[in-house]
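Engineer: Last residue of the sequence shown? That's 141 in the working numbering, and every number before it is there in order.
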Amino acid sequence: MALAIPYPIDSWLTEHISILLLLQHPLISVVGFVITLVLFARLLVAIATLIDRLWLWILRLPINLFQSIFAPREKTKETIAPTINYELSTNLETSEQILQKLNAIEQQQKRILQDLATLKKNSQSSQAKKTKLIKQIKGQT
């Protein structure tokens with residue numbers, strides 16, 4: 001039985017000699033040992049943290065149960081009436097000013113869109129002129 005476990009590993013290592021040589025190198029063995037120690041230490045820290053959290057949960061459980069049973073519950077809020085801002089609805093001057101500003105912004109937006117359309121047409125026509133010139137120059141040479 002003692003030879004049953006190492007035999008497959010030994011046979012695999014004899015088939016892969018380069019890995020066997022790397023494992024027998026002292027520097028690689030030391031690095032592997034250090035990595036193993038670090039991983040084992042991290043595993044122990046993780047287990048200790050898990051046990052710590054488990055004990056805290058167990059110790060807090062009776063308090064949490066007591067609070068959930070005997071603590072006063074919040075009353076569910078009924079439908080809340082919608083709030084109305086009476087200042088805006090009664091102040092007609094302010095609403096008229098806002099409408100005028102919105103109309104001015106809309107007109108400005110239309111002008112900007114028209115300017116963009118004309119710029120696009122101009123750039124397309126100038127691009128067409130450039131391509132004609134390039135074709136003429138290529139045709140002459």
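Cβ atoms here follow ideal geometry from the backbone N, Cα and C, with glycine treated the same way.
What is the DSSP secondary structure of A71, reduced to helix, strand or coil?
Structural biologist: If DSSP states are grouped into helix, strand and coil, A71 belongs with coil.
Engineer: Quick one: give me the first and last residue of the alpha helix (DSSP H) that N122 is part of.
Structural biologist: First-last of the alpha helix (DSSP H) with N122: 92–140.
Engineer: Three-state secondary structure (DSSP) at M1?
Structural biologist: Note that M1 scores 47 on pLDDT, short of 50, meaning its location in the model is unreliable and no value can be drawn from it.
Engineer: Does the beta carbon of L22 come closer than 7 Å to any beta carbon on chain C?
Structural biologist: As a matter of chain content, chain C is missing from the structure shown, which is built from one protein chain.
Engineer: Taking the straight line between their C-alpha atoms, what separation do you get for L27 and S18?
Structural biologist: Distance between the alpha carbons of L27 and S18 is about 15 Å.
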